[in-house]
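Each number in the working numbering corresponds to the 1-based position in the sequence shown with 106 added. Built from N, CA and C at the ideal position, the CB exists for glycine as well.
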Amino acid sequence: MKLIRISAGVLVALTVVFVADCASYLSLNPPRGSSFNKGANGIWLRYLWYFGKKSPQERDELIERLSANQIKYAYFHVRSTDSHGNLLFKYEEPARELVELLHRRLPKVRVVAWLYVPSNFGRVGVDLEDKDSRENLVASCQWLTEKCGFDGVQLDYEFFPNTDKTFPLLLDETRAAIGSEKLLSVATPMWYPGALWGWDSEHFSVISAHCDQIAVMGYDSWLYHPRAYVWLMEQQAIQVTRAVRSGASVNDLKHRCSVIIGIPVYDTDKGTPAHMTYSENLVTALKGIRQGLMSPDAVSDIFEGVAPFAEYTMDEVEWKQYRRYWLEGK
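If you want it as structure tokens, here you go:
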């Protein structure tokens, strides 16, 4: 009984220390150093824009927000494909109107179709080894760039394990169809030590050799302590930029793949099992990225910017934090 009481006391003490450290971590350790902002950031936007469900006033407000917050890449959700790679929702006219409006008002912003592709790993999804499915996917990307006028596509193939070997072929086939002037971006899992459920450095190197941009989804980490999440985001800035540079060196690419790191701005009042907002949030993400880019091991010229996920969940407090800790670099 005495041993049980001692063990319980130790557990309570450790819990108190853990909670206190979580609560005080950011106030005692705010982001420091350079922000490395290059004015080339991204943001993920809801499918309602593609569907034409936004008013002229909302469009004007979006244009003002993109301009004021140094957004270069606007990733508009065009929803998903079916299990054979066919685009489920086609809204050509409102999509073209949206793209033309942004080109006219914000000519430096690249308007990108963000396409979710369900994988077949552990569920019903697109089998990339199936030639017909890949052809359907490529045709979907071509339709989005040619008929809708998007400046490129971002393939969000989830869940995407470290062991997949067919995705580079899809990227090459997509590139051949949409042309070199269109952006070919890939939304990727995070780098994880030992590739627990993300990618290892080698996989980042391989994929970066076949696309223009790696957009790391830096959230849903399952890390419940801000110190741990800051460390993980620091590693994204170091490991992914190094891996992408390595991929370019090994493959002697004529084009250069850049890195965008996504940061979480959702579930502000509650967490999910993979995402606890007291741990992973905009400020802890930016702190980790800034620390990582200050490391001599990072390749800062490969890094292009950050991308909040997502515009439709981001509140004014988070916009102020974004400007303070990233655009202004305080």
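Helix, strand or coil, according to DSSP, for residue i in the structure here?
i	result
Gly368	strand
Gln342	helix
Leu134	The predicted position of Leu134 is uncertain, since its pLDDT is 48 and thus under 50; no value can be drawn from it.
Lys426	helix
Ser161	coil
His309	helix
Thr419	helix
Asp403	coil
Glu434	coil
Thr409	Thr is not the amino acid found at residue 409; the sequence shown has Phe there. Phe409: strand per DSSP, three-state reduction.
Ser239	helix
Val215	coil
Pro101	Given that the chain is displayed from residue 107 to residue 436, the structure contains no residue 101 and the question cannot be resolved.
Thr383	coil
Leu388	helix
Ala230	Looking at the sequence itself, residue 230 is Val, so the reference to Ala does not match. Of the three classes helix, strand and coil, the one that applies to Val230 here is coil, per DSSP.
Ala349	helix
Ser314	helix
Trp220	strand
Which whole-angstrom value is the C-beta distance of residue i and residue j, which I expect to be below 8 Å?
i	j	result
Ala343	Leu399	5 Å
Phe310	Trp297	7 Å
Thr383	Pro332	Not really, about 10 Å apart at Cβ, beyond 8 Å.
Gln260	Trp220	5 Å
His183	Arg152	6 Å
Ala349	Ser307	4 Å
Gly191	Val232	5 Å
Trp337	Gly300	At roughly 15 Å, the Cβ-Cβ gap does not stay under 8 Å, so Trp337 and Gly300 are not in contact.
Relative to the alpha-carbon of residue i, which residue among the options has its alpha-carbon at the smallest distance?
i	options	result
Ala283	Gly139, Ser327 and Val244	Val244
Tyr372	Arg396, Trp425, Ser141 and Ser401	Trp425
Phe142	Phe415, Thr280, Trp155 and Ala404	Ala404
Tyr325	Pro162, Phe227, Cys254 and Thr294	Thr294
Phe227	Ile395, Pro370 and Phe266	Phe266
Phe157	Arg185, Leu338 and Val336	Arg185
Ser173	Asn147, Asp236 and Arg396	Asn147
Val218	Pro224, Ser401, Arg202 and Ser225	Arg202
Pro402	Phe415, Lys393, Tyr428 and Gln345	Gln345
Ala180	Ser246, Arg430, Pro414 and Arg362	Pro414
Asn175	Leu212, Arg351, Glu279 and Glu235	Leu212
Asp257	Glu206, Asn242 and Glu235	Glu206
Met323	Pro137, Gly145, Ile149 and Lys144	Ile149
Ile366	Trp155, Ser140, Phe195 and Gly145	Gly145
Ile320	Arg351, Tyr330 and Trp303	Arg351
Buried or exposed: residue i, going by 16 or more other Cβ atoms within 10 Å of its Cβ?
i	result
Phe273	buried
Asp421	exposed
Asn378	The displayed chain sequence assigns Thr, not Asn, to residue 378. Label assigned to Thr378: exposed.
Asp407	exposed
Leu134	Residue placement at Leu134 is poorly supported in this model, since its pLDDT is 48, which falls under 50; the coordinates still yield a value, given next. Result: exposed.
Gln341	buried
Tyr210	Reading the sequence as shown, one finds Arg at residue 210 and not Tyr. Arg210 should be labelled exposed.
Glu417	buried
Asp262	buried
Glu434	exposed
Lys159	exposed
Glu287	exposed
Asp270	buried
Val118	Because Val118 carries a pLDDT of 41, less than 50, the predicted location of this residue cannot be relied on, and the following value inherits that uncertainty. Exposed, because fewer than 16 other Cβ atoms sit within 10 Å of the Cβ of Val118.
Glu386	buried
Val412	buried
Gln163	exposed
Leu289	buried
Glu410	buried
Val292	buried
Lys178	buried
Ser239	buried
Val312	buried
Does residue i come within less than 8 Å of chain C when only Cβ atoms are used?
i	result
Ser401	Considering every chain present, this structure includes no chain C. It has just one protein chain.
Any heavy atom of the ligand ATP closer than 7 Å to the beta-carbon of residue i?
i	result
Glu287	Within the structure as shown, the ligand ATP is missing, as the structure has no ligands at all.
- Message: Give the list of continuous beta strand (DSSP E) stretches no shorter than 3 residues that lie fully inside the segment 238-300.
- Response: 258-264 and 289-294
- Task: List in chain order: all unbroken alpha helix (DSSP H) runs of 4+ residues lying wholly within the segment 136-208.
- Result: 162-174
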